[in-house]
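Structure first, then comments.
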Amino acid sequence: KLNRSSNLNKSATEVYEQATNCPVAGGMGKIWAEYTQFLEERGRPRTAQKIYLRALVGGGVADTGPGVTDLADQDMLWNGFLRMMQSLRKNPDLTLEDLKKAVGKEHLGQSVTPAASADSTDQIQTGGVSVPDQPVSSMPSEPPKQDEMEIEEAKRPAKRSRWDQKASVETETVRASSIDAVAGVLVATSNNMPSDIETLWHARDGGSLPSRPEPPMFTASPPKLGDPSGKDLVGNETALKILTMLTAKTHDGKSLGSALLDLCNACWMMTALKEEEILKAQDSLEKKIIADREAMEVDLDARASVAGGALAAVQQANEKERNSFTAQSEDQRKQLLASGAWEFRKLLYTQQIILSSAKLPGFEGPTVDS
Numbered sequence: 477k478l479n480r481s482s483n484l485n486k487s488a489t490e491v492y493e494q495a496t497n498c499p500v501a502g503g504m505g506k507i508w509a510e511y512t513q514f515l516e517e518r519g520r521p522r523t524a525q526k527i528y529l530r531a532l533v534g535g536g537v538a539d540t541g542p543g544v545t546d547l548a549d550q551d552m553l554w555n556g557f558l559r560m561m562q563s564l565r566k567n568p569d570l571t572l573e574d575l576k577k578a579v580g581k582e583h584l585g586q587s588v589t590p591a592a593s594a595d596s597t598d599q600i601q602t603g604g605v606s607v608p609d610q611p612v613s614s615m616p617s618e619p620p621k622q623d624e625m626e627i628e629e630a631k632r633p634a635k636r637s638r639w640d641q642k643a644s645v646e647t648e649t650v651r652a653s654s655i656d657a658v659a660g661v662l663v664a665t666s667n668n669m670p671s672d673i674e675t676l677w678h679a680r681d682g683g684s685l686p687s688r689p690e691p692p693m694f695t696a697s698p699p700k701l702g703d704p705s706g707k708d709l710v711g712n713e714t715a716l717k718i719l720t721m722l723t724a725k726t727h728d729g730k731s732l733g734s735a736l737l738d739l740c741n742a743c744w745m746m747t748a749l750k751e752e753e754i755l756k757a758q759d760s761l762e763k764k765i766i767a768d769r770e771a772m773e774v775d776l777d778a779r780a781s782v783a784g785g786a787l788a789a790v791q792q793a794n795e796k797e798r799n800s801f802t803a804q805s806e807d808q809r810k811q812l813l814a815s816g817a818w819e820f821r822k823l824l825y826t827q828q829i830i831l832s833s834a835k836l837p838g839f840e841g842p843t844v845d846s
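Under our numbering, the first residue of the sequence shown is numbered 477, with each subsequent residue one higher.
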């Protein structure tokens, strides 16, 4: 168990929200399915229901329609929605047709203000039964009345001030499946660079060959610092925020800073592996060019040896072929350099997504600046 103040689940939720709102990853049904599974495992079926509705029929203040438009993904989400409702209401006889009718009646059939729309989303009924955001009993019950809900709300204890040192510490169990789900979202998001980021890179290139991000976020050796806090590199305010994160601890005394350092070390390793991958590709290309050139020279020499009186013409043709081969080899090198540059740009985007999700000061989402 980890202290809620570690913001792990909050960060996971924010990652899912970023992914579902992403113009590229947001249309992937798998992302929405993992998000709803994450919420169900945390005992939040009402919130999971909201996500299903956003994916399948749209919703929210700025409703732009269903989040998922692929028919196969929609079918997968509808079946997941149906399974959740059957389980929650202990009603295995609930059909997909009944569920869609209820959604159409309670959600799509209302044209109300944003506040009322949000409220109707919370209170969407399936077969006349509302969905609470807590696990429900198997005993049959009537839908809660508004006055009963107000009484229950009044019975809840008032929230304590976060400065009240006597306040109880809330904890949550972090499941491996939740970690895998968040990791899956990060992978899916990082593998799809948004079109607006690509456009910014193209604008930077102009008519020139693409180049790697400069300066690189990670280098072979750490920068030399005049102060261990790094304030001469990032400034006093950011250095203080970083030190605060590095020295933070969980309720059981574990260091959050060590996890952050491990994360940064992993990002550095990603850069090192990409460097090695690009160097191997360049070395492989050069070896191929050398081998192809040697084979070509053997053929050209053989052609010239039997030219006889047409030797001058054959030599001229051979020279033209050599020049063509040299031009083709240079084009291959340029293509590899351009491909490598985009690989490092995608890597920078991935690292920015990861470090932004970790709330590292100075990272507020992807940019073209390293």
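A virtual CB, placed ideally from N, CA and C, is assigned to each residue, including glycine.
Residues in its own chain within less than 7 Å of residue i by CB, not counting five upstream and five downstream?
| i | result |
| --- | --- |
| P837 | T714, K717, I718 |
| A466 | Since the displayed the chain opens at 477 and closes at 846, residue 466 lies outside it and no answer follows. |
| Q758 | L812 |
| K725 | S731, L732 |
| Y825 | S666, M669, I673, P842 |
Determine whether the beta carbon atoms of residue i and residue j lie at a separation below 9 Å.
| i | j | result |
| --- | --- | --- |
| V761 | Q804 | Sequence check: residue 761 is Leu here, not Val. Cβ distance not < 9 Å, so L761 and Q804 don't count as in contact. |
| P486 | A664 | The sequence shown places Lys at residue 486, not Pro. No; because the gap between Cβ atoms is not below 9 Å, this pair is not in contact. |
| G503 | D546 | yes |
| L823 | K750 | yes |
| S561 | T512 | Note that residue 561 is Met in the sequence shown here, rather than Ser. Contact: no. |
| L553 | L570 | no |
| H778 | Q791 | Here residue 778 turns out to be Ala, not His, going by the sequence shown. No. Outside cutoff. |
| Q827 | M693 | yes |
| E510 | Y492 | yes |
Using the beta-carbon count (16 or more within 10 Å), is residue i buried or exposed?
| i | result |
| --- | --- |
| A524 | buried |
| S832 | buried |
| D681 | exposed |
| R821 | buried |
| Q811 | exposed |
| D549 | buried |
| T589 | Its pLDDT being 39, under 50, T589 is placed unreliably in this model, and the coordinates cannot settle the point. |
| L755 | exposed |
| P842 | buried |
| E773 | exposed |
| Y802 | At residue 802 the sequence reads Thr, which differs from the Tyr that was named. Exposed is the call here. |
So what does residue i bridge to, in DSSP terms?
| i | result |
| --- | --- |
| K725 | S731 |
Output the distance between the C-alpha atoms of residue i and residue j, rounded to the nearest integer angstrom.
| i | j | result |
| --- | --- | --- |
| G660 | T747 | 20 Å |
| S731 | G711 | 24 Å |
| A488 | C498 | 15 Å |
| E795 | L676 | 43 Å |
| G733 | P698 | 18 Å |
| M745 | L709 | 22 Å |
| S815 | A789 | 39 Å |
| A817 | A742 | 21 Å |
| K576 | P686 | 50 Å |
| D574 | N555 | 12 Å |
| T602 | S563 | Because T602 carries a pLDDT of 45, less than 50, the predicted location of this residue cannot be relied on, and the following value inherits that uncertainty. Cα-Cα distance, rounded: 12 Å. |
| M721 | A657 | 25 Å |
| L529 | I765 | 56 Å |
| N567 | E752 | 56 Å |
| N799 | D775 | 15 Å |
| V844 | A679 | 11 Å |
| R565 | K581 | 19 Å |
| E806 | A771 | 18 Å |
| G785 | A767 | 30 Å |
| Q494 | I830 | 12 Å |
| L572 | P691 | 54 Å |
| E797 | L787 | 15 Å |
| G683 | K763 | 30 Å |
| A783 | T695 | 56 Å |
| E490 | S671 | 21 Å |
What residues in its chain sit with their C-beta under 8 Å from that of residue i, if we drop five residues either side in the sequence?
| i | result |
| --- | --- |
| L515 | P521, T523, A524, I527 |
| E840 | S832 |
| R688 | G816, A817, F820, R821 |
| V544 | G503, M504, G505, W508, A531, L532, Q550, L553 |
| T496 | G502, I507, W508, Y511, I527, R530, A531, G543 |
In chain order, what residues of the same chain have a beta carbon less than 6 Å from the beta carbon of residue i, not counting five sequence neighbours either side?
| i | result |
| --- | --- |
| K631 | The pLDDT assigned to K631 is 46, lower than 50, so where the model puts this residue is not dependable; a value taken from the coordinates is nonetheless given after this. Once the five neighbours on either side are set aside, K631 has no close Cβ partner at all. |
| I673 | P842 |
For residue i, verify whether its CB is less than 8 Å away from any heavy atom of the ligand GDP.
| i | result |
| --- | --- |
| L831 | In the structure shown, the ligand GDP is absent, as is every other ligand, since no ligand is present at all. |
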